[in-house]
Amino acid sequence: MGAPEKLVIMVTHGPDDPELSTLPFTMAAAALASDVEVVMGFQGEGCLLMKKGVAETVSVADLAPIRDLIGPIAELGGKLLVCWPGLKSRGLGQEDLVAGAEIVAAARLIVEVTSATNTLTY
Amino acid sequence: MAETEIQATVVVDARGLLCPMPIVKTAKAMKGLALGEVLKVIATDRGAIADVPAWAGSTGNELLAWHEEGADLVFFLRRGEDE
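Sequence order for the protein chains is A and U.
In this note's numbering, each number is its position in the first sequence, counted from 1, plus 1.
In this note's numbering, each number is its position in the second sequence, counted from 1, plus 278.
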């Protein structure tokens, strides 16, 4: 096996685009199952996916729904980082977020991105 | 190795599960096996035809054989040292 790999997945779509909302969770779960460290970063409309109850409303044909993927992602050590400005502009705070979601800002996301071996953006 | 000779220690039934859940279930089950033990995975999502060999190759496990049984995709994987 080579050096540990770390994948950062930036999520910028929410319920506005179910397919582009679901695919980052698909890729995160597959990466974690392949022993790749995963950090998911939520910005813009993507922040809404971390609001309690929202992920349950998003699904798309032929992909496992987000509600079935969040559990395994957390169980396998995936991090869920939510950008503070995107939350604030939508009237959301920590109390509105799903368990395990961590509020961050740009500099913390940059630390994650620059230490990653690969980054995907949706 | 002929598939009829393969003895699986654990069977994962991933029928009806959509991508990427067959791989998530496979990875979870494999972590419970000892080195050299064999996992049998049954899936129906045809993405597994590409995903299972790719996953095995990236995690140090060995895909011993696979075949189709009607709509079912049946895989035999041996736990490797690098899992």
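Note that the Cβ used here is the ideal one computed from N, Cα and C, for glycine as well.
Since we're looking at a predicted model, the values are computed, not measured.
Taking just the CA atoms, how far does residue j sit from residue i?
i               : j               : result
E361 of chain U : G72 of chain A  : Low confidence applies to E361 of chain U: its pLDDT is 48, below 50, so where it sits in the model is not reliable, and the reading given next is rough at best. One C-alpha to the other measures close to 22 Å.
T120 of chain A : E346 of chain U : 35 Å
Q44 of chain A  : Y123 of chain A : 10 Å
V99 of chain A  : L82 of chain A  : 11 Å
L65 of chain A  : V112 of chain A : A quick correction: the sequence has Ala, not Leu, at residue 65 of chain A. Each residue's alpha carbon lies about 30 Å from the other.
G310 of chain U : V289 of chain U : 12 Å
V12 of chain A  : T287 of chain U : 39 Å
G38 of chain A  : S22 of chain A  : The amino acid at residue 38 of chain A is misidentified as Gly; the sequence shows Glu. Cα to Cα, E38 of chain A sits roughly 20 Å from S22 of chain A.
A334 of chain U : V352 of chain U : 14 Å
I67 of chain A  : G94 of chain A  : 21 Å
Can you tell me whether residue i is buried or exposed? The criterion is at least 16 other CB atoms within 10 Å of its CB, across all chains shown.
i               : result
A349 of chain U : exposed
T304 of chain U : buried
T118 of chain A : exposed
K89 of chain A  : exposed
V9 of chain A   : buried
K318 of chain U : buried
K53 of chain A  : exposed
P5 of chain A   : exposed
Have a look at the options and flag the residue whose alpha-carbon is nearest the alpha-carbon of residue i.
i               : options                           : result
L341 of chain U : U:G310, U:R356 and U:V352         : U:R356
K306 of chain U : A:L77, A:Q95 and A:V39            : A:L77
I104 of chain A : A:A34, A:P66, A:G87 and A:V61     : A:G87
S35 of chain A  : U:I320, U:V330, U:L296 and U:L351 : U:V330
G325 of chain U : A:T27, A:L33, A:L8 and A:S116     : A:T27
G338 of chain U : U:M308, U:P298, U:A321 and U:P300 : U:M308
D291 of chain U : U:G358, U:F354 and U:E359         : U:F354
G358 of chain U : U:I327, U:C297 and U:A312         : U:A312
**Cβ-based contacts, 7 Å cut-off: residues of the segment 321-345 of chain U near chain A** = W333, S336, T337 and G338
**Interfacial residues, the segment 26-52 of chain A to chain U, with Cβ spacing under 7 Å** = T27, A30, A31, A34, S35 and D36
**Asked** Of all the residues that make up the segment 59-84 of chain A, which are near chain U by a beta-carbon distance shorter than 7 Å?
**Response** D63, L64, A65, D69 and P73
**Asked** Listed in chain order, which residues of the segment 289-315 of chain U have Cβ atoms closer than 9 Å to some Cβ of chain B?
**Response** Checking the listed chains, one finds no chain B in this structure; the protein chains it contains are A and U.
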